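Visitor:
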Amino acid sequence: MLPGARKPLRYLMVGACCALLNLLIQNGAILVLGFNYVAAALTSFMILTPLSYALHATITFNQKERQSLASFARYALQCVALLGANILLMALLVEVLGLNINLAICVATVMLHVIGYLSTRYFVFGRAKVGRSSVL
Numbered sequence: 148m149l150p151g152a153r154k155p156l157r158y159l160m161v162g163a164c165c166a167l168l169n170l171l172i173q174n175g176a177i178l179v180l181g182f183n184y185v186a187a188a189l190t191s192f193m194i195l196t197p198l199s200y201a202l203h204a205t206i207t208f209n210q211k212e213r214q215s216l217a218s219f220a221r222y223a224l225q226c227v228a229l230l231g232a233n234i235l236l237m238a239l240l241v242e243v244l245g246l247n248i249n250l251a252i253c254v255a256t257v258m259l260h261v262i263g264y265l266s267t268r269y270f271v272f273g274r275a276k277v278g279r280s281s282v283l
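FYI, the numbering for the sequence shown is 148 to 283, going by the numbering used here.
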C-alpha cells in the first residue's frame with residue numbers, strides 16, 4: 148500500500164459504514180417509527196454526526212487524545228457545510244447541467260468525499276499542534 152493511502156482508505160471505510168447506518172436509521176425512522184423523510188434525515192444527522200466524529204477521530208486519524216468540544220464543533224460545522232454543498236451541487240448538476248440524477252449523485256458523492264476528507268484532516272483534526280490552542 149502507498150504510504151499516504153492509509154488515512155484516505157480508512158476515511159472511505161468509516162464513511163461507508165456511516166452511509167450504511169444512515170440508510171438503516173432513516174429507513175427505520177420512516178418505516179418503523181412513521182417519521183417523514185425530513186424528520187428521518189434530521190434524526191440520522193443527529194445520531195451520525197457525533198458517531199462519525201468519534202469513528203474518524205479514533206480510526207481514521209488516530210486522534211483519541213486530541214478529541215475536544217472545539218474539534219467536534221468544527222466537525223459538526225463541516226457536516227452542515229457539506230450538507231449544504233451537496234444540495235447546491237445536486238441542483239447545479241441536475242437542474243443546470245442536466246445530468247441524470249444517478250450520475251449526479253455519484254459525481255457529488257465523490258467530490259464531497261474528497262472535500263470531506265481534506266477538511267476533516269486539516270480543519271477538524273489538523274489545527275491542534277503542540278503549544279497551540281484548539282479553539283474554533
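Glycine residues also receive a C-beta, built at the ideal position from the N, C-alpha and C atoms. Quantities reported herein were computed from a predicted structural model and do not represent experimental measurements.
For Ser191 versus Ile206, is the C-beta distance shorter than 8 angstroms?
Guide: Not closer than 8 angstroms, so no.
Visitor: Report the rounded CA-to-CA distance for Ile177 versus Ile194, giving the unit in angstroms.
Guide: Computed Cα separation, rounded: 15 angstroms.
Visitor: As a quick exercise: from Gln214, Arg213, Ser266, Val179, pick the residue whose alpha carbon is nearest that of Val227.
Guide: Minimum Cα distance to Val227 is reached at Ser266.
Visitor: Is the beta carbon of Phe272 closer than 8 angstroms to that of Gln210?
Guide: Taking 8 angstroms as the Cβ cut-off, Gln210 and Phe272 qualify as a contacting pair.
Visitor: Which class does Asn233 belong to by DSSP, given the choice of helix, strand or coil?
Guide: Reduced to three states, the DSSP call for Asn233 is helix.
Visitor: Mind checking if Gly273 is an interface residue toward chain D, Cβ cutoff 8 angstroms exclusive?
Guide: No chain D appears in this structure, which consists of one protein chain only.
Visitor: How long is the line joining the alpha carbons of Asn183 and Leu189, rounded to whole angstroms?
Guide: Distance between the alpha carbons of Asn183 and Leu189: 10 angstroms.
Visitor: Run the CB neighbour count on Ala152, radius 10 Å, all protein chains shown included, and call it buried at 16 or more, exposed below.
Guide: Result: exposed.
Visitor: Per DSSP, what kind of secondary structure is Asn174 in: helix, strand or coil?
Guide: DSSP places Asn174 in helix when its eight states are reduced to three.
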